[in-house]
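For the sequence shown, numbering that gives the first Met the number 0 gives the first residue as 0, with consecutive numbering after it. This report concerns only the one structure given below.
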Amino acid sequence: MKAEARVRAATLRDAEKIFALIGRNTDMLVPRSLGSVVENIDRFVVAECEGTMAGCVAYQIHPEIGNAEAATVEIVSLAVKSILRRRGIGRLLVEAVIENARRFCPREVIALTFAPEFFSALGFAETPKCEVMHKLYTGCINCTKHADPFTCPEIAMKRPL
Ligand SMILES: CC(C)(COP(=O)(O)OP(=O)(O)OC[C@H]1O[C@@H](n2cnc3c(N)ncnc32)[C@H](O)[C@@H]1OP(=O)(O)O)[C@@H](O)C(=O)NCCC(=O)NCCS
């Protein structure tokens, strides 16, 4: 059953809940400090459902220096509360954050994920990591689990815009 959810831009009041939700999903997500969430709060979208913050997502721009037409948007810090999953909230969040990032006229949206079926349902297709690694390096370099992005089991997914 679809959830009655509303997505909106995050505010500083959401920061601690976002931090906690990401912290409960670090098996699937790159951990973020509260400071990182606060400093980047303008890139976050949250979903509200049944009087609670049900999920969050953010984006990161990977520009091509000297080629404004070739920017890539990466979906990051996507999580939905476990009791509210499979009710359409993740889809709402991803579509909303892509709309927010459209002003940068990105060529494509990418994600590194352990949930490829979710991204497939949203029109993403698997892509070789070597095609996006230069974009993702800023994230992978902070990884505390894998020294080499190519041995990390996350799957790279891409959706043209
Ligand atoms: C991935 C995640 C955000 C999905 O959120 P969600 O609210 O359950 O997703 P939705 O209900 O919007 O699902 C959208 C589509 O994806 C599909 N889907 C979602 N999770 C899926 C899964 N684990 N396996 C297969 N399909 C899945 C749904 O069936 C749905 O398809 P449909 O619209 O054709 O019916 C959620 O499972 C989560 O928070 N996981 C932990 C953190 C994580 O993995 N984040 C992604 C890191 S990039």
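C-beta: ideal position from N, C-alpha, C; glycine also. Since the structure is predicted, the reported quantities are computational estimates derived from the model, not experimental observations.
(Q) Three or more C-beta pairs under 8 Å: does that hold for the segment 89-103 against the segment 128-136? (A) Touching, no, given that fewer than three Cβ pairs across the two stretches are closer than 8 Å.
Q.
Can you tell me where the alpha helix (DSSP H) holding C139 begins and where it ends?
A. Where C139 is concerned, the enclosing alpha helix (DSSP H) starts and stops at M132 to C139.
**Q.** Top-ranked residue by Cα proximity to S81, from E49, A67 and N24
**A.** Ranking E49, A67 and N24 by Cα distance to S81 puts N24 first.
(Q) Assuming contact is defined by CB atoms lying nearer than 8 Å, are S157 and F123 in contact in what I supplied? (A) Strictly speaking, residue 157 in this sequence is Lys, with Ser absent from that position. By the CB criterion at 8 Å, K157 and F123 fall inside the cutoff.
Q: Starting from E73, follow its DSSP beta bridges and name the residues at the other end.
A: Paired residues: Q59 and I109.
Q: Grab the span of the alpha helix (DSSP H) containing P115 for me, first residue to last.
A: P115 to A120 is the span of the alpha helix (DSSP H), which, as asked, contains P115.
Q. Going by C-alpha distance, which of V37, A146, T112 and A69 is nearest K16?
A. That would be V37, whose Cα lies nearest to the Cα of K16.
Q | Own chain residues within Cβ distance below 6 Å of R106, not counting five before or after | A | Within the same chain, R106 has close Cβ partners A69.
(Q) Let me check understanding here. Comparing Cα to Cα, which of E63, E98 and A78 lies closest to G54? (A) The option with the nearest alpha carbon to G54 is A78.
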